[in-house]
Amino acid sequence: MDIDILVKQIGEDPDCEVFPPIGQPELKNPVDMLPEDLRRFYALCGGANLYMSRDFGFRVVPPTELLPANPILTSFNYEEAKDILDNDISAHWYLLCPSSGPEENIVIDLHPERLGKCYDGYLSIYGTSDEIIVSYSFTEAIFGVLESKGETTFWAGKPPLGFPYENLCIEPPHG
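Okay, structure coming up:
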């Protein structure tokens, strides 16, 4: 699936909204980079709302709000664990799609070795060994959200694509 086609599809769906382009994100970590499909998305639009009136709608943040996920999703203990979190693989995860509900999120990995992988940013599993890979690319994640139409998460009921911490020989910061 092509990101141009998906943006067009979002714009044509009455339950979705596309915002005008406002530029590219400024990434906080100098190692991080944007995958080509996300760069193209932000060239076409400045974010989008996907089924936000439904239980599992998601908002693709504007480029000015593409921020590291750790300080946002671990706000309750980020300052206490800052040294650990800033040296963990999750330091390269950005909050890409907060949901219409209070706890579900999609985060994207912008580290070159894992570029574009998207993870389930559900608050109770974020940064744990239970966190799962939900897609291998931004395009795949957006396609999944569009397919599920805000009725469920697109990864629900499917076997996980993997786990961010598996095979790394490191402990997740939250167990």
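Residue 1016, in this note's numbering, is where the sequence shown stops; the numbers in between run on with no holes. Backbone N, C-alpha and C fix where the C-beta goes; we use that ideal spot for every residue, glycine too. Here the structure is a predicted model, which means the values were calculated and not measured.
Just to confirm, are Tyr963 and Leu914 a CB contact at a threshold of 7 Å? Along the sequence shown, one-based indexing puts residue 963 at 122. Along the sequence shown, one-based indexing puts residue 914 at 73. Taking 7 Å as the Cβ cut-off, Tyr963 and Leu914 do not qualify as a contacting pair.
Mind checking who Arg895 pairs with in its DSSP beta bridge? For the purposes of this step, residue 895 is identified with residue 54 of the sequence shown, where counting begins at 1. Beta-bridge pairing links Arg895 to no other residue.
Classification of Thr905 by the beta-carbon crowding that lies within 10 angstroms, buried from 16 upward: Taking the first residue of the sequence shown as 1, we reach residue 905 at position 64. Thr905 is exposed by the Cβ-count criterion.
Close Cβ partners of Thr980 (< 8 Å) along its chain, the five nearest in sequence each way excluded: The residue you call residue 980 lines up with position 139 of the sequence shown. Taken in chain order, the residues that qualify are Met842, Asp843, Ile844, Leu847 and Asp878.
Which of helix, strand or coil DSSP assigns to Ala997: Here the question's residue 997 lines up with position 156 in the sequence shown. Ala997 falls in the coil class under three-state DSSP.
Where do the ends of the beta strand (DSSP E) carrying Asp961 lie? Residue mapping note: residue 961 aligns to position 120 of the sequence shown, counting from 1. Per DSSP, Asp961 belongs to the beta strand (DSSP E) from Cys959 to Asp961.
Quick check on Gly1016: buried or exposed, where buried means 16 or more other Cβ atoms within 10 Å of its Cβ? As a first step, residue 1016 must be located in the sequence shown, where it is residue number 175. For Gly1016, the pLDDT reaches just 49, beneath the cut-off of 50, and the residue's location in the model is therefore unreliable, although a value from the coordinates is still provided. Result: exposed.
If we ignore side chains and look at the alpha-carbon of each, how far apart do Lys849 and Asn890 end up? Here residue 849 refers to the residue found at position 8 of the sequence shown. Here residue 890 refers to the residue found at position 49 of the sequence shown. Distance between the alpha carbons of Lys849 and Asn890: 13 Å.
Under the three-state DSSP convention, the category Ile949 falls into: Here residue 949 refers to the residue found at position 108 of the sequence shown. Of the three classes helix, strand and coil, the one that applies to Ile949 here is strand, per DSSP.
Starting from the N-terminal side, write out each stretch of the alpha helix (DSSP H) that is 4 residues or longer and does not extend beyond the region 845-923. 877-885 and 910-914
Find the nearest neighbour of Ile930 within the set Lys958, Ser989, Glu921 and Cys938, judged by alpha-carbon distance. By 1-based counting over the sequence shown, the position of residue 930 is 89. Looking at the Cα atoms, Lys958 is the closest of the given residues.
Just to confirm my understanding: we take Pro903, look at its own chain, exclude 5 residues before and 5 after, and list those with CB closer than 7 Å. What are they? Taking the first residue of the sequence shown as position 1, residue 903 is located at position 62. Phe860, Ile863, Gly887 and Gly888, listed in sequence order.
Consult DSSP for Ile973 and reduce its assignment to one of helix, strand or coil. The count along the sequence shown starts at 1 and reaches residue 973 at position 132. Here Ile973 sits in coil by DSSP.
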